[in-house]
Amino acid sequence: MTDLPDTDYTQRFIFDDSDTRGELVALERSYAEVLAKHPYPEPVAQLLGELMAAAALLVGTLKFDGLLILQARSEGPVPLLMIECSSEREIRGLARYHAEQIAPDATLADMMPDGVLALTVDPTHGKRYQGIVDLDGTSLAECFTNYFVMSQQTNTRFWLYADGRRARGLLLQQLPADRLRDPEERDASWQHITALASTLSADELLSLDNETVLHRLYHEEQVRLFDGQSLRFQCSCSRERSANALVSLGLEDAQQLVIEHGGAIEIDCQFCNERYLFDAADIAQLFAGAGVDTPSDTRH
1 MTDLPDTDYT QRFIFDDSDT RGELVALERS YAEVLAKHPY PEPVAQLLGE LMAAAALLVG
61 TLKFDGLLIL QARSEGPVPL LMIECSSERE IRGLARYHAE QIAPDATLAD MMPDGVLALT
121 VDPTHGKRYQ GIVDLDGTSL AECFTNYFVM SQQTNTRFWL YADGRRARGL LLQQLPADRL
181 RDPEERDASW QHITALASTL SADELLSLDN ETVLHRLYHE EQVRLFDGQS LRFQCSCSRE
241 RSANALVSLG LEDAQQLVIE HGGAIEIDCQ FCNERYLFDA ADIAQLFAGA GVDTPSDTRH
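Position 86, counted from 1, in the sequence shown is what full-length UniProt numbering calls 86; the numbers after and before it change by one each time, with no gaps.
And the structure:
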């Protein structure tokens, strides 16, 4: 096994005597990058970290090239949590919230009452897929577990924790029958492995390395731990994408926007706070087909 990659990575493991696989995720640098963009209240920062951990784990279960998008929406104090994670393992996220309505000890139900969770797979080639489930669990981990139950997919369990500094997650998933073909044996094995995982506390998962976690849970099982795969924060915004959005408006509407905004259109990325400015000269150049490579002095 090679050295683990830095601070942000997922790491898979498998049980030799059971049809079960697992994956662990640790996020520090990318989590810090996301939190640095907005002054999130602590309960929101924790939820955002848990959703980042879930996205990182889910990308590992999907065989596709493209983008995984997780959105939790509600009419409560937190209207939106959103994470995007690409098949290249680049991740970004944001939350919208009403800080004055969020108590220091607010729970998921307090912040997102009657919410829904949407999982969208947007492949580079092929059809876009979306699944939606109610946020009816006491935690995001329980909601994701319920998502797999509702969609009648493979038995899957999640454990997700974040403390504003580190986000951690554990996923267990039942594999097709191979080592255990008797249905009762398969069920008993699955129940045993998930019951042991449920004894893991948030403090343990947040503070211990993967080998220690697995030894603490499964020292009587045969478990193989594979090499880690790194993740990193990366925002997909760009001046070119912002310019394309303006082109879609049409020349007259874009020119009118410049006038209405006092001589320059400012496009802000909600994920990373990058700002892109376009003045009248930029708009003229854009619609003349000259692109955005040589913008005016207002470029940011």
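The C-beta atom is built at its ideal place from N, Cα and C for all residues, glycine as well.
Asked, Found
"Could you give the uninterrupted runs of the beta strand (DSSP E) lying entirely in the region 47 to 122, keeping only those of 3 residues or more?", "66 to 73, 80 to 86, 90 to 96"
"Leaving out the 5 sequence neighbours to the left and right, which residues in its chain are closer than 6 Å to residue 313 when beta-carbon positions are compared?", "The chain is shown only over 1 to 300; residue 313 falls outside these bounds and no answer can be derived."
"Assign residue 276 to buried or exposed, taking buried as 16 or more other Cβ atoms, counted over all protein chains shown, within 10 Å of its Cβ.", "buried"
"Roughly how many angstroms lie between the CA atoms of residue 255 and residue 14, to the nearest whole one?", "58 Å"
"Which class does residue 220 belong to by DSSP, given the choice of helix, strand or coil?", "coil"
"On the three-state DSSP scale, how would you describe residue 264?", "strand"
"Quick one: Cα of residue 202 to Cα of residue 273, how far?", "31 Å"
"Decide if the region 69 to 87 is in contact with the region 110 to 117; the criterion is three or more beta carbon pairs, one per stretch, under 8 Å apart.", "yes"
"Give me the residue from 247, 73, 57, 43 with the minimum Cα distance to residue 228.", "57"
"If residue 135 sits next to residue 119, beta carbons under 8 Å apart, how far is it from one beta carbon to the other, in whole angstroms?", "That belief does not hold up - the Cβ atoms of residue 135 and residue 119 are roughly 12 Å apart, past 8 Å."
"Roughly how far, in whole angstroms, is the beta-carbon of residue 222 from the beta-carbon of residue 16, given that I think they are within contact range, below 8 Å?", "4 Å"
"Quick one: which unbroken beta strand (DSSP E) runs of 3-plus residues sit fully inside the region 140 to 211? Chain order, please.", "156 to 162, 167 to 174"
"Hey, how far is the Cα of residue 163 from the Cα of residue 86?", "24 Å"
"Thinking residue 81 and residue 99 are a contact (beta carbons under 8 Å), I'd like their distance in whole angstroms, please.", "About 15 Å; that fails the 8 Å criterion."
"Pop quiz: residue 197 and residue 239 are said to be a contact at Cβ under 8 Å. What is the actual Cβ separation, rounded to whole angstroms?", "45 Å between Cβ atoms; not a contact."
"Bridge partners of residue 241, per DSSP?", "According to DSSP, which records beta bridges pairwise, residue 241 is partnered with nothing at all."
"Could you name the residues of the same chain whose beta carbon sits closer than 8 Å to that of residue 263, not counting the 5 residues immediately before and after it, in chain order?", "279, 280"
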